[in-house]
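S.K.: Here numbering that gives the first Met the number 0 is used: position 76 in the sequence shown is 75, and no number is missing along the way.
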Amino acid sequence: MKTRLTSNLLFGLAAASILAVPALAQEAEAASKGPEVKFSGEVEFDAYTGDVINDDKQSHSYASTFDLNVDVKLNEKWSASVQLEADGEATDPTAIYNGAFVQYSPNEKFAVKFGDLTFSEGAFLNFYDYDDPADNAAGMTEHDIRGFEIDFNGLVFGLGFGRGDNDNQICSEEEGEEKCVGVAYNLHLAYELGLGEQVLRPFFDYKSYQEAKHNELHAGLDANLKFDAFAFHFVYGAHIDNLGEKTPKATHALLAEPSLDLGSVNIKGSVFYAYFDKKDPTVHGEEIPEYFFAYGEPSVKFNDAIALGLPLEYHTKTLQKDDDTSVFNVGLRAYFTPVEGLEVTGFAKFEIPVGDDAGDDTGLGLGLETVFAF
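1. Let me know the beta strand (DSSP E) ranges lying completely inside the stretch 231–310, each 3 residues or longer, listed in chain order.
2. Quick check on this structure: which residue in F233, D150, N53 and S298 has the alpha carbon closest to the alpha carbon of D359?
3. Helix or strand or just coil, what does DSSP make of A137?
4. Can you check DSSP and say which residues form a bridge with Y334?
5. In whole angstroms, give me the CA-to-CA distance for A293 and A94.
6. By the three-class DSSP mapping on this structure, what secondary structure does K56 have?
7. Return the CA-CA distance between S60 and G40, expressed in angstroms with no decimal places.
8. For the pair the stretch 137–144 and the stretch 214–226, tell me if three or more CB-CB distances fall below 8 Å.
9. Would you list the one or two residues that DSSP bridges to F226?
10. Report yes or no: do three or more beta-carbon pairs, one from the stretch 101–119 and one from the stretch 70–81, lie closer than 8 Å?
11. Distance check for A62 and P34, CA to CA, integer angstroms please.
12. If I'm right that L365 touches T117 with Cβ under 8 Å, what's the distance once you round it to whole angstroms?
13. What is the DSSP secondary structure of Y129, reduced to helix, strand or coil?
14. Quick one: what's got a C-beta closer than 8 Å to N106's C-beta in the same chain, skipping five residues either side?
15. With a 10 Å radius around its C-beta and 16 neighbouring C-beta atoms as the bar for buried, classify S171 as buried or exposed.
16. Quick one: grab the DSSP three-state call for K212.
17. When the Cα of G262 is compared with those of A306, D356, E342 and P288, which residue comes out closest?
18. Would L199 pass as a contact of L188 if the rule is Cβ separation under 8 Å?
19. Can you tell which of K212, A211, F147 and D227 has the C-alpha that lies nearest to the C-alpha of G195?
20. Taking its Cβ as the centre, do 16 or more other Cβ atoms sit within 10 Å of T246, making it buried, or is it exposed?
21. Excluding five sequence neighbours on each side, which residues of the same chain lie with their C-beta closer than 6 Å to the C-beta of G345?
22. Assuming N135 and E244 are in contact, meaning their beta carbons sit under 8 Å apart, how far apart are those beta carbons, in whole angstroms?
23. As a quick exercise: from S58, G87, V42 and K72, pick the residue whose alpha carbon is nearest that of D66.
24. In the DSSP assignment, find the beta strand (DSSP E) that holds F100 and state where it starts and stops.
25. Given F109, which residues of its chain have a CB within under 6 Å of its CB, disregarding the five upstream and five downstream residues?
26. May I have the straight-line CA-CA distance separating F393 from T369, to the nearest angstrom?
27. Could you tell me the alpha carbon to alpha carbon distance between N185 and G157, rounded to whole angstroms?
28. On the DSSP bridge list, what partners appear for A189?
29. In three-state DSSP terms, what is D115?
30. Determine, using beta carbons only, whether Y129 and P288 come nearer to each other than 8 Å.
31. Do you know offhand how far A29's Cα is from E342's?
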């Protein structure tokens with residue numbers, strides 16, 4: 000009996016060893032491969048005309064963008080990423096380092112990043128001219144930092160020093176002398192609450208110059224709601240400079256973007272309004288491009304590759320309500336998507352003066368935009 004038990008035991012150990020060899024070999028092979036590297040990115044090259052029907056306004060212009068992302072998976076919990084970017088109104092913009100970070104994520108609900116990070120809130124989703132959060136946003140354009148970010152179950156907390164365009168100085172005159180202060184830090188806080196297909200995202204961004212009269216605050220709510228074929232995007236953003244002081248006064252921005260997708264027929268729109276104090280407003284560069292505009296575009300999809308849209312737009316083209324420079328735009332947009340990852344958009348758009356200070360000439364502009372992702 001002992002001999003039989005011993006034989007069975009030896010046989011079992013031998014079989015287990017034989018079965019374990021392939022598993023150990025697979026682990027060794029995976030370890031020998033090293034980090035997994037993935038390349039992705041997007042390229043856009045555009046060409047536009049000025050006014051083609053008025054001789055004194057004829058011109059052409061370009062825009063080019065190149066984004067390259069290199070993502071490195073070090074193991075199941077550690078990863079890293081680096082981005083390169085070239086972006087400008089030319090055919091050959093200079094490529095530059097755009098940031099890198101390392102991430103530790105032990106599970107799907109928790110992640111820690113440190114390095115070069117970017118935060119933006121309340122971007123325009125429907126209107127094509129303002130949909131780059133690096134330039135325009137109802138909530139907050141892109142703020143770049145070098146610091147860390149913690150993501151936990153929908154909560155985002157970021158803190159770091161400003162970098163790039165976010166690393167600037169504020170200068171003011173006090174008692175006849177110019178005093179300048181530099182960026183100390185930028186704090187970002189947001190919480191993404193998902194309720195089925197409904198997403199609510201309150202946000203708060205505080206930029207401190209370590210000087211009481213020059214701190215900057217962005218806060219508000221970004222909501223994405225969806226009900227079958229109907230979707231609604233809403234943003235409220237408050238923009239405040241010199242936090243704690245009486246001036247300048249806060250700017251309040253409201254964005255409503257409904258859309259209806261019926262398969263072959265699609266309707267989307269954007270309505271935006273920003274309230275600026277007349278005497279002492281808060282203005283952050285091109286973040287808010289104009290104080291009011293309305294846009295709507297019904298479109299028809301003929302097949303998986305071709306669609307035509309009819310854009311209807313009203314623009315005030317100013318931040319000052321006293322300026323009567325409003326225009327009405329109408330035209331045609333053609334969409335060509337022959338394969339996934341490639342989008343070609345051509346358009347012709349009439350600009351019709353409406354305001355007393357908008358001029359007398361109706362203009363016609365043309366454009367072609369090509370984007371491919373990889």
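Where a beta carbon is used, it is the ideal one built from N, C-alpha and C, also for glycine.
M.R.: Taking the structure as given:
1. 250–260, 264–274, 291–300 and 305–308
2. N53
3. Correct three-state label for A137: coil.
4. A306 and T344
5. 35 Å
6. helix
7. 24 Å
8. Yes: the two stretches touch, three or more of their Cβ pairs being nearer than 8 Å.
9. F229
10. yes
11. 36 Å
12. The pair is not a contact, with the Cβ atoms about 33 Å apart (cut-off 8 Å).
13. helix
14. For N106, there are no CB contacts under 8 Å within the same chain when 5 residues up- and downstream are skipped.
15. S171 comes out exposed.
16. helix
17. A306
18. no
19. D227
20. exposed
21. Excluding the 5 residues flanking it on each side, G345 has same chain C-beta neighbours closer than 6 Å at A333 and L367, in chain order.
22. For a cut-off of 8 Å, the C-beta gap from N135 to E244 is around 26 Å, too long to register as a contact.
23. V42
24. The continuous beta strand (DSSP E) containing F100 extends over residues I95 to N106.
25. F151
26. Coverage of the chain is limited to positions 0 through 373, which leaves residue 393 absent and any answer about it impossible.
27. 8 Å
28. Bridge partners of A189: V155 and F202.
29. strand
30. yes
31. The predicted model places A29 with a pLDDT of 49, which falls under 50 and marks its position as unreliable, so this point remains unresolved.
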